[in-house]
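Residue numbers (the numbering used here), protein chains in the order written: chain A, 60 to 141; chain B, 60 to 141. Worksheet: one structure, shown below.
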DNA sequence: GCCCATTTGTACGTATGTATG
DNA sequence: GCATACATACGTACAAATGGG
């Protein structure tokens with residue numbers, strides 16, 4: 060079930076939107092301490108490759124984390140855990 | 060300045076993102092009471108036609124208002140002022 | 001200062017699904 | 001059943017910012 064390094068997989072058939080599934084995965088990883096304070100999350104492109112999603116979908120997932128104040132995006136640098 | 064019924068126009072050349080300009084326009088109209096409490100905003104499609112933007116851009120603008128708690132979207136019905 | 005690779009930001013278009021009335 | 005309206009997901013292209021060489 061592992062796909063390109065992603066430890067958790069997206070369920071393309073389920074009822075939960077793909078962007079929400081990814082958001083939950085990332086949220087879980089942050090909560091688990093895999094990405095500590097100030098750590099940089101994988102880039103959009105990396106997540107696209109790891110989870111097999113479109114960039115728009117990946118960005119929508121991260122948008123949710125940004126709205127929750129969990130991460131912060133910096134153009135040209137990356138997305139960082141607050 | 061009038062374009063397809065839109066009272067305010069989008070500046071395609073300026074530095075302000077189109078989605079932000081539309082968000083400000085709608086915010087202003089709500090603040091001005093053009094759309095009162097419970098009123099329904101124009102549909103995505105209508106805004107697309109009025110302002111000459113892509114639907115994704117229109118939705119991103121409304122996303123901002125939703126995040127601010129200014130409006131609420133209901134699938135199948137519309138977007139309503141909170 | 002300049003080029004280049006990386007990364008996020010914006011904007012477009014298309015298609016299909018889901019909910020409401 | 002049908003039309004309308006929002007939701008999801010894909011793809012593409014280019015702009016802007018950052019940092020390294």
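Built from N, CA and C at the ideal position, the CB exists for glycine as well. All of these numbers come straight from a predicted model, not from anything done at the bench.
- By the CB criterion at 9 Å, residue 78 of chain A and residue 125 of chain A fall outside the cutoff.
- For residue 141 of chain A, the three-state secondary structure derived from DSSP is coil.
- Of all C-beta pairs linking the region 85 to 94 of chain B to the region 128 to 139 of chain A, fewer than three are shorter than 8 Å, placing the two stretches out of contact.
- In the three-state scheme derived from DSSP, where H, G and I count as helix and E and B as strand, residue 118 of chain B is classed as helix.
- Counting only residues of its own chain and dropping the five nearest sequence neighbours on each side, residue 70 of chain A has a CB closer than 7 Å to the CB of 80.
- Excluding residues up to 5 positions away in sequence, 88, 100, 140 lie with their Cβ nearer than 7 Å to the Cβ of residue 94 of chain B in the same chain.
- Rounded to the nearest angstrom, the Cβ distance from residue 113 of chain B to residue 82 of chain B is 15 Å, too far for a contact under 8 Å.
- In the structure shown, the three-state DSSP call for residue 67 of chain A is coil.
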